[in-house]
Amino acid sequence: MACRTAPDLGADGVLCLAFPLHPPGNPARSRADELIVPAGHGIPLRVVQGATDAFGTPTEVRAALPDPAILVEVAGGHGFTRRPTAVVAAVLDFLSERVGRPVRE
1 MACRTAPDLG
11 ADGVLCLAFP
21 LHPPGNPARS
31 RADELIVPAG
41 HGIPLRVVQG
51 ATDAFGTPTE
61 VRAALPDPAI
71 LVEVAGGHGF
81 TRRPTAVVAA
91 VLDFLSERVG
101 RPVRE
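Position 85 of the sequence shown, counting from 1, maps to 85 under the UniProt record's numbering, and the rest follow consecutively.
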């Protein structure tokens, strides 16, 4: 949803957490086209994806990302339960880049 609405909302960036690239076990039903929208409007895009996410592995998501979008791979699956601190760090890094100063927890 964020990727599709970002241009109309004037977003300064899009951060996707566990992007559902496809239903588990059904990569033919890809939502890769949604990842292209922000880049087409010059909006920075970052995706934080679990290494074993059944909705799209980091390899699958990376292949769908347009340049200069960034993928951050973290341990675990779609729910980010294994290393939530890594997810928080990735979010804070993106926010810090967007606002131009460090953002803290």
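For every residue, glycine included, the Cβ atom is placed at its ideal position computed from N, Cα and C.
8 Å Cβ cutoff met for residue i and residue j
i          : j          : result
residue 21 : residue 64 : yes
residue 80 : residue 74 : yes
residue 13 : residue 44 : yes
residue 48 : residue 90 : yes
Exposure of residue i, with buried meaning 16 or more beta-carbon neighbours within 10 Å
i           : result
residue 106 : Residue coverage of the chain in this structure runs from 1 to 105, which leaves residue 106 outside it and unanswerable.
residue 53  : buried
Host beta strand (DSSP E) of residue i (start-end)
i          : result
residue 70 : 70–74
Range of the contiguous alpha helix (DSSP H) that encloses residue i
i           : result
residue 40  : 32–40
residue 46  : Unbroken run through residue 46 is the beta strand (DSSP E), 45–50; no alpha helix (DSSP H).
residue 14  : Not the alpha helix (DSSP H): residue 14 falls in the beta strand (DSSP E), residues 14–17.
residue 94  : 84–99
residue 103 : That residue, residue 103, is in no alpha helix (DSSP H); it is neither H nor E in DSSP.
residue 58  : 58–64
Residue i to residue j span [Cα, whole Å]
i           : j          : result
residue 92  : residue 26 : 32 Å
residue 9   : residue 51 : 31 Å
residue 37  : residue 88 : 25 Å
residue 35  : residue 59 : 14 Å
residue 24  : residue 31 : 12 Å
residue 104 : residue 82 : 21 Å
Own chain, CB closer than 6 Å to residue i, minus 5 neighbours either side, in chain order
i          : result
residue 70 : 46
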